[in-house]
Structures are given as C-alpha cells and as structure tokens.
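Below is one structure, written out as structure tokens, with a few remarks after it.
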Amino acid sequence: MNRTTIATAVAEAKRFIERADGLIEKSDDKWLNDCPKERGATRRASMDLTRALADMRRSEG
C-alpha cells in the first residue's frame with residue numbers, strides 16, 4: 058500500500074457513495090429498474106471501487 062493507491066481507493070469509495078445515494082434518492086419508492094442511468098452509474102462506480110481496492114492490496118510487493 059502507498060499513499061497514491063489509498064487516495065485512489067478513497068476517491069472511488071466517495072464516488073460510489075455519491076452514485077448510490079443518487080440512485081436511492083432518484084428511485085424513491087420506485088423499483089430501482091426505473092432508473093437505468095443512475096443504476097448504471099452506481100454499478101460502474103462499484104466496479105471502479107473494486108478495482109481500486111484490488112490495486113491497493115496488490116501494491117504491497
């Protein structure tokens with residue numbers, strides 16, 4: 058782990074939380090399927106966060 062990979066993971070986590078909160082607000086009481094744009098953005102942010110966390114763990118060597 059180094060400062061750069063940690064900072065990247067933190068930034069991606071914040072971006073994921075923003076997207077997830079936006080999806081929850083937009084969907085309100087509707088099905089989440091009614092918000093494809095927000096659902097896609099949340100899914101993409103989740104994948105980017107997963108990659109950043111993997112990079113952070115891998116950078117120990």
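Going left to right, the sequence shown walks through residues 58 to 118 as the numbering used here numbers them.
Each residue gets a CB set at the ideal place from its N, CA and C atoms; glycine is no exception.
It should be emphasised that the depicted structure is a prediction, and the values quoted were computed from it without experimental measurement.
query: Can you tell me whether methionine 58 is helix, strand or coil according to DSSP?; result: coil
query: Does the ligand FMN have even one heavy atom less than 8 Å from the beta-carbon of lysine 71?; result: As far as ligands go, the structure on display features none, and thus does not contain the ligand FMN.
query: Are the Cβ atoms of threonine 99 and alanine 77 separated by less than 9 Å?; result: yes
query: Could you round the C-beta distance between glutamate 69 and alanine 109 to whole angstroms and report it? I think they count as a contact, below 8 Å.; result: 4 Å
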